[in-house]
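Enquirer: Sharing a structure with you now.
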Amino acid sequence: MADGPTTSPTATSGAARRRTVLITGAGGEIGHGLIDALHAEGGFDIVAMDLKELDGALRGRCAAAYTGDVTDAGALAKVFERHGFDVVHHLAALLSSSGERNPELAHAVNVQGTLNLLRLSNELARSRGRDVQFIFPSSIAVYGMPGLAAKSDIGAVHEDRCLNPITMYGVNKLACEHLGRYYADHYMRLSPDAPKGRVDFRCLRFPGIISAHTLPTGGTSDFAPEMIHAAAKGEPYACFVRPDTRIPFMTMPDAVRSLLTLAAAPKERLTTRVYNVGAFSPSAAEIADLVRAAFPAAEVSYKVTEARQAIVDSWPASVDDDHARRDWGWAPQHDLRAAFSEYLIPTIRKRYGA
148 MADGPTTSPT ATSGAARRRT VLITGAGGEI GHGLIDALHA EGGFDIVAMD
198 LKELDGALRG RCAAAYTGDV TDAGALAKVF ERHGFDVVHH LAALLSSSGE
248 RNPELAHAVN VQGTLNLLRL SNELARSRGR DVQFIFPSSI AVYGMPGLAA
298 KSDIGAVHED RCLNPITMYG VNKLACEHLG RYYADHYMRL SPDAPKGRVD
348 FRCLRFPGII SAHTLPTGGT SDFAPEMIHA AAKGEPYACF VRPDTRIPFM
398 TMPDAVRSLL TLAAAPKERL TTRVYNVGAF SPSAAEIADL VRAAFPAAEV
448 SYKVTEARQA IVDSWPASVD DDHARRDWGW APQHDLRAAF SEYLIPTIRK
498 RYGA
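Our numbering applies: residue 148 is where the sequence shown begins, and numbers increase by one.
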């Protein structure tokens with residue numbers, strides 16, 4: 148990790164106290180969106196961290212930027228010593244496909260990296276006597292449906308059902324949810340002196356995320372964005388899941404907005420540590436129909452990859468996000484039709500000149 152920030156810390160001024168926010172995995176698209184949104188809102192000193200150096204424009208929106216690994220506990224400690232974080236957005240992770248190829252590395256990055264950050268956040272909260280907010284994106288990969296018939300019968304899955312993940316990524320995310328709950332609600336239970344500051348752990352379980360800007364990278368839920376991008380480029384696409392495959396999705400702008408909305412919610416309004424969020428739950432065939440409507444020459448076929456199909460079949464067809472809607476007013480801006488007509492198709496057409 149770099150010895151110091153690549154940009155100088157921003158001076159604090161004005162009557163309102165500025166909040167210092169750490170974003171790990173800042174180089175990803177969610178990280179980009181968070182940095183842009185927090186910078187536009189103002190009142191935040193943004194500290195970014197990623198394995199790779201951030202581009203100049205993004206780095207310019209940050210008070211400090213570090214190149215480093217969340218598994219390096221010593222280097223993380225130095226960053227925490229330099230910055231008194233009020234909020235941690237922990238986005239850094241090794242995703243599902245990579246996790247299946249290297250499960251031990253996935254555990255190190257996803258679980259040990261999260262534990263490093265939770266421990267440092269907890270130490271900071273205790274030392275100054277006030278909470279450190281910890282925002283954690285989990286995933287529908289934590290679910291494990293018992294079979295296709297049960298998946299259909301169960302319908303929208305509540306947060307406490309079917310928690311039997313079959314991928315290392317899902318196992319890691321579920322473990323981290325429990326670690327977050329522990330630090331928030333049970334840390335030092337046997338100590339006679341209850342800490343005055345704690346980790347305020349808040350977690351979202353994301354569905355598949357579809358972006359108009361970032362090219363798919365072979366993730367398990369990428370059959371939807373792969374189909375759209377291929378059609379816009381005039382390339383045939385062989386979908387790796389069955390036409391009737393159904394899982395929940397949301398657009399990237401809604402994903403970023405959900406993180407910011409949860410972070411802004413008053414603590415007393417929250418009734419749980421972990422929230423489902425959803426937007427729409429189309430089948431692969433329904434996505435193909437919308438793609439063909441936008442790109443009549445699109446060639447979509449199906450060549451099922453059994454291993455990937457099994458993973459997707461283990462995820463719910465939809466999620467029950469009533470807690471998020473009730474507690475902090477979650478409401479997606481994009482349903483399926485709006486996602487295509489207002490966001491995906493216009494933006495992707497512009498990208499490829501289609």
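Here a beta-carbon is modelled for each residue, glycine too, at the ideal position from N, C-alpha and C.
1. Can you list, in chain order, the residues of its chain with a C-beta nearer than 6 Å to that of Ala471? Leave out the 5 residues immediately preceding and following it.
2. Taking the alpha-carbon positions, what's the Pro339 to Arg273 distance?
3. Pairs of beta-carbons, one from the region 309 to 317 and one from the region 432 to 448, closer than 8 Å: are there three or more?
4. Can you tell me which of the three DSSP states Ile434 falls into?
5. With distance defined between alpha-carbon atoms, name the residue in Val256, Leu252, Arg266 and Gly190 nearest to Ala224.
6. Mind checking Asn319: buried by the 16 CB within 10 Å criterion, or exposed?
7. Where are the beta strand (DSSP E) runs, 3 residues long or more, that stay fully inside the region 255 to 295, in chain order?
8. Measuring alpha carbon to alpha carbon, tell me which residue in His237, His230 and Tyr329 is nearest Thr218.
9. Have a look at the DSSP bridge pairing and note the partners of Leu169.
10. With DSSP as the reference, label Ala379 as helix, strand or coil.
11. Taking contact to mean at least 3 C-beta pairs separated by less than 8 Å, is the region 286 to 306 in contact with the region 456 to 464?
12. Pick out whichever of Ile375, Asp197, Lys450 and Leu262 has its Cα sitting closest to the Cα of Gly175.
13. Can you find the residues in the same chain that come closer than 7 Å, C-beta to C-beta, to Phe184, ignoring five residues on each side of it along the sequence?
14. If you measure from the CB of Asp474, is any heavy atom of the ligand ZN nearer than 8 Å?
15. How far does the beta strand (DSSP E) with Cys386 in it extend, from its first residue to its last?
16. Give the straight-line distance between the Cα atoms of His254 and Met315, rounded to the nearest whole angstrom.
17. In this structure, what does DSSP give as the bridge partners for Thr398?
18. Please say whether Ser448 and Thr392 have beta carbons closer to each other than 9 Å?
19. Count the other CB atoms within 10 Å of the CB of Glu453; is the residue buried (16 or more) or exposed (fewer)?
20. Going by DSSP in three states, Asp474 sits in which element: helix, strand or coil?
21. So for Thr214, helix, strand or coil by DSSP?
22. Report the rounded CA-to-CA distance for Thr261 versus His376, giving the unit in angstroms.
23. Count the other CB atoms, across all protein chains shown, that sit within 10 Å of the CB of Glu415; report buried if there are 16 or more and exposed otherwise.
24. CA-CA distance, Ile282 and Ser299?
25. Using the DSSP secondary-structure output, state which residues sit across from Tyr449 in a beta bridge.
26. For a quick check, are the C-beta atoms of Ala195 and Leu169 less than 9 Å apart?
27. Just verifying my parser: in three-state terms, what is the DSSP assignment at Tyr422?
28. Within the same chain, show all residues whose beta-carbon is closer than 6 Å to that of Gly180, passing over the 5 residues directly before and after it, in chain order.
Expert: Checking against the coordinates, here is how it stands:
1. By 1-based counting over the sequence shown, the position of residue 471 is 324. Once the five neighbours on either side are set aside, the close Cβ partners of Ala471 are Tyr422, Val424 and Trp477.
2. The count along the sequence shown starts at 1 and reaches residue 339 at position 192. The count along the sequence shown starts at 1 and reaches residue 273 at position 126. Taking the straight line joining both Cα atoms gives about 15 Å.
3. no
4. Position 287 of the sequence shown, counted from the start, is the residue given in the question as residue 434. Correct three-state label for Ile434: helix.
5. Here the question's residue 224 lines up with position 77 in the sequence shown. Nearest option by C-alpha distance: Arg266.
6. Along the sequence shown, one-based indexing puts residue 319 at 172. Classification of Asn319: buried, given that the 10 Å Cβ count is 16 or more.
7. 279 to 286
8. Start at 1 with the first residue of the sequence shown, and residue 218 comes out as number 71. Ranking His237, His230 and Tyr329 by Cα distance to Thr218 puts His237 first.
9. Mapped onto the sequence shown, residue 169 falls at position 22. Partner(s): Val194 and Val235.
10. Walking along the sequence shown from the start, residue 379 turns up at place 232. Three-state DSSP puts Ala379 in a helix.
11. yes
12. Here residue 175 refers to the residue found at position 28 when the sequence shown is read from its first residue. If we check each option's Cα against that of Gly175, Asp197 comes out closest.
13. For the purposes of this step, residue 184 is taken as residue 37 along the sequence shown, with counting starting at 1. The sequence given here has Ala at residue 184, not Phe. Within the same chain, Ala184 has close Cβ partners Val403 and Leu407.
14. Although the ligand ZN was asked about, the structure shown includes no ligands whatsoever.
15. Locating residue 386 in the sequence shown gives position 239, where the first residue counts as 1. Unbroken beta strand (DSSP E) run through Cys386: Tyr384 to Cys386.
16. By 1-based counting over the sequence shown, the position of residue 254 is 107. By 1-based counting over the sequence shown, the position of residue 315 is 168. His254 and Met315: Cα-Cα distance of roughly 7 Å.
17. Taking the sequence shown and counting its residues from 1, the one referred to as residue 398 is at position 251. According to DSSP, which records beta bridges pairwise, Thr398 is partnered with Ile357.
18. Against the sequence shown, residue 392 aligns to sequence position 245. Against the sequence shown, residue 448 aligns to sequence position 301. Not in contact: Thr392 and Ser448 (Cβ atoms no closer than 9 Å).
19. Within the sequence shown, numbered from 1, the residue matching residue 453 stands at position 306. Looking at its Cβ environment, which holds fewer than 16 other Cβ atoms inside 10 Å, Glu453 is exposed.
20. For the purposes of this step, residue 474 is taken as residue 327 along the sequence shown, with counting starting at 1. It is helical.
21. Stepping through the sequence shown from its first residue, residue 214 is reached at position 67. DSSP places Thr214 in strand when its eight states are reduced to three.
22. Within the sequence shown, residue 261 is the residue found at index 114, counting from 1. Within the sequence shown, residue 376 is the residue found at index 229, counting from 1. For Thr261 and His376, the distance between alpha carbons rounds to 33 Å.
23. Position 268 of the sequence shown, counting from 1, holds the residue named residue 415. Classification of Glu415: exposed, given that the 10 Å Cβ count is below 16.
24. Looking up residue 282 in the sequence shown gives position 135. Looking up residue 299 in the sequence shown gives position 152. The alpha-carbon atoms of Ile282 and Ser299 are separated by roughly 31 Å.
25. Your numbering for residue 449 matches position 302 in the sequence shown. The partner list for Tyr449 (beta bridge, DSSP) reads Cys386.
26. Residue mapping note: residue 195 aligns to position 48 of the sequence shown, counting from 1. Residue mapping note: residue 169 aligns to position 22 of the sequence shown, counting from 1. Yes, these two residues count as a Cβ contact at 9 Å.
27. Along the sequence shown, one-based indexing puts residue 422 at 275. It is a strand residue.
28. If you number the sequence shown from 1, residue 180 lands on position 33. Same-chain partners within the cutoff: Val403.
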